[in-house]
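Read in order, the letters of the sequence shown are residues 26 to 422 in the working numbering.
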Amino acid sequence: MEKTIAINAGSSSLKFQLYDMPSETVITAGIVERIGLKDSIFTISVGDEKIKEVTDIPDHEVAVQMLLDKLISHNIISSYDEITGVGHRVVHGGEKFTESVYITDQVIADIEALSELAPLHNPANVTGIRAFRKVLPNIVAVAVFDTAFHQTMPPSSYLYSLPYNYYEDYGIRKYGFHGTSHKYVTERASDLLGRPQEELRLITCHLGNGASIAAIEGGKSMDTSMGFTPLAGVSMGTRSGNIDPALVPFIMEKTGKSAEQVLDVLNKESGMLGVSGISSDLRDLESEAAKGNDRAELALDVFVDGIHKYIGSYAARMNGVDAIIFTAGIGENSSYIRERVLRGLEFMGVYWDPALNQVRGVEAFLNYPHSPVKVIIIPTNEELMIARDVEVIRAQR
């Protein structure tokens with residue numbers, strides 16, 4: 026049995042999940058929070074228990090060393106040698122990376138060069154990569170890109186109606202995100218439907234605080250709602266989703282804000298938080314809407330209407346759809362939002378059972394047996410996809 030660890034490094038955090046491969050059994054998981062700040066928090070699962078420790082963790086290298094030491098001190102592994110591979114989530118691979126790759130010095134340099142496309146994420150991802158390389162220099166390390174799955178989009182999907190040289194000179198195009206999640210649920214849907222991916226037309230709805238919809242035809246991404254950045258697409262927790270670009274200078278003129286400040290508003294103060302004026306957390310909005318709060322109800326309407334538009338357009342784009350998939354925190358857990366999204370889709374052959382919809386966080390079919398379009402909840406598992414890619418590349422070396 027090989028042990029592979031999946032890593033998701035943020036600017037002040039490091040999530041991890043250790044697998045026994047190829048059985049794909051989760052051995053342990055955890056997170057290091059507040060890296061570089063006072064009173065950092067280290068949490069790890071040991072059996073059925075979650076053990077939390079508060080201490081100062083000055084940087085990611087210390088966090089990695091602490092993680093490995095905890096694996097040994099809690100008898101999860103007996104030595105570092107048991108870990109044969111590490112997979113790192115990287116948010117942006119641009120056009121350079123169309124699939125997961127073995128990490129070399131050149132790959133690290135390329136990821137750093139793409140930081141202008143994801144300034145909040147790629148530098149943090151590289152920090153995690155460097156920290157693991159220093160502590161475990163000899164194991165197989167793999168970069169898994171959020172954008173890679175969407176690199177099958179045709180130019181008609183990914184190009185903006187801008188001067189073409191903007192694409193050629195600056196790489197301005199739609200990239201799409203949440204690709205690892207969309208890929209996982211696509212593969213799982215194929216298993217659940219008992220049909221090869223090549224035969225399927227799927228609309229995958231990754232609905233969380235960040236949300237994206239994708240059109241998957243023949244196992245390949247044909248289009249997706251997020252764009253050059255994760256700001257585009259549907260309304261989200263705090264992100265605006267699509268707006269008229271002329272609003273940016275208009276808001277600047279009316280408020281005196283700089284372009285950077287307006288962008289900050291679009292990313293952090295908009296979406297369901299902005300419309301409701303209450304919260305970015307869907308649970309809060311559902312609760313307030315149930316009490317008759319009109320703004321909370323409006324925020325939910327805007328969120329659902331955006332999803333409806335993408336489902337309709339993607340069904341038309343693929344000349345039909347075989348299944349609609351719900352995944353991620355909201356998609357997996359909110360029967361309320363699923364109901365709101367599915368309501369009115371009967372015209373395109375979506376017949377769903379309200380009783381079957383009353384579930385949370387489990388794989389489940391929500392459609393009546395006679396429904397031409399199937400509706401499935403599939404809990405996403407990006408960490409497992411990372412571990413699988415590590416094993417594929419490790420076997421090739």
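All C-beta atoms in this analysis are idealised placements derived from N, C-alpha and C, irrespective of residue type, glycine included.
If you're wondering where the values come from, they're calculated on a predicted model, not measured in any experiment.
Same chain, Cβ closer than 7 Å to GLY61, five either side skipped, listed in chain order = SER37, PRO83 and ASP84
For SER206, collect the residues of the same chain with a Cβ closer than 7 Å to its Cβ; drop the 5 residues on either side in sequence, then sort them by chain order.
-> HIS231, THR352, ALA353, THR405 and GLU407
Are the CB atoms of ASN382 and GLU364 nearer to each other than 9 Å?
-> yes
Since MET46 is in the alpha helix (DSSP H), which residue starts that stretch and which ends it?
-> MET46 -> not in any alpha helix (DSSP H); beta strand (DSSP E) instead, spanning 39-46.
Of the residues SER246, SER295 and PRO274, which one's Cα is nearest the Cα of ASN267?
-> SER295
Give me whichever residues DSSP pairs with SER65 in a beta bridge.
-> THR80
Name, in chain order, the residues that DSSP records as bridge partners for HIS113.
-> ILE32 and ALA168
Report yes or no: do the segment 216-234 and the segment 337-357 share at least 3 C-beta pairs separated by less than 8 Å?
-> yes
Backbone secondary structure at ASN358 - three-state DSSP | helix
Excluding sequence positions up to five away, which residues of its chain have a Cβ less than 7 Å from the Cβ of ILE403?
-> VAL210, ARG213, ALA214, ILE350, THR352 and GLU388
Whose C-beta lies closer than 8 Å to the C-beta of VAL327 among residues of the same chain, with five residues either side of it excluded?
-> SER260, MET297 and VAL300
Minimum length 4: unbroken alpha helix (DSSP H) runs contained in the segment 135-223 | 147-160, 180-183, 189-195 and 204-218
If you draw a straight line from the alpha carbon of GLU58 to that of ALA88, how long is it in whole angstroms?
-> 9 Å
Contact belief for ALA182 with ASP248 at Cβ below 8 Å, rounded distance in angstroms | At residue 182 the sequence reads Ser, which differs from the Ala that was named. So it is a contact: roughly 4 Å between Cβ atoms.
Rounded separation between ALA314 and MET373 - CA only | 29 Å
Count the other CB atoms, across all protein chains shown, that sit within 10 Å of the CB of VAL79; report buried if there are 16 or more and exposed otherwise.
-> exposed
Determine the DSSP secondary structure at VAL329, reduced to helix, strand or coil.
-> helix
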